[in-house]
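Numbering (the working numbering), first residue to last: 19 to 107. For each residue, glycine too, the CB sits at the ideal point set by N, CA and C. These numbers come from a predicted model, not from an experiment. Working notes, structure below.
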């Protein structure tokens, strides 16, 4: 049981950090597209920004979901077998 919980927490942490890294990359790409300005067709630039914004909103939802799962896992870990919260050390 403890190994499964540890694996879940590890998976959620790694996934969270991966999403944070992806978000940083997307921020970089947005700034780069904005800096290019008139380098390409205006419609293509707007489409690229819209796509990146959609991906950013999806990432925010994914991070929120990971936070909820992590909080749930923390609550499960703090419960004793009787269902009561264990005091923190």
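Taking each of 86, 78, 24 and 90 in turn and checking the Cα distance to residue 42, the smallest one comes out for 78.
Under the three-state reduction of DSSP, residue 93 is assigned to helix.
Residue 84 sits close to residue 33, with the two beta carbons spaced by under 8 Å. CA-to-CA, the gap between residue 86 and residue 75 works out to about 17 Å.
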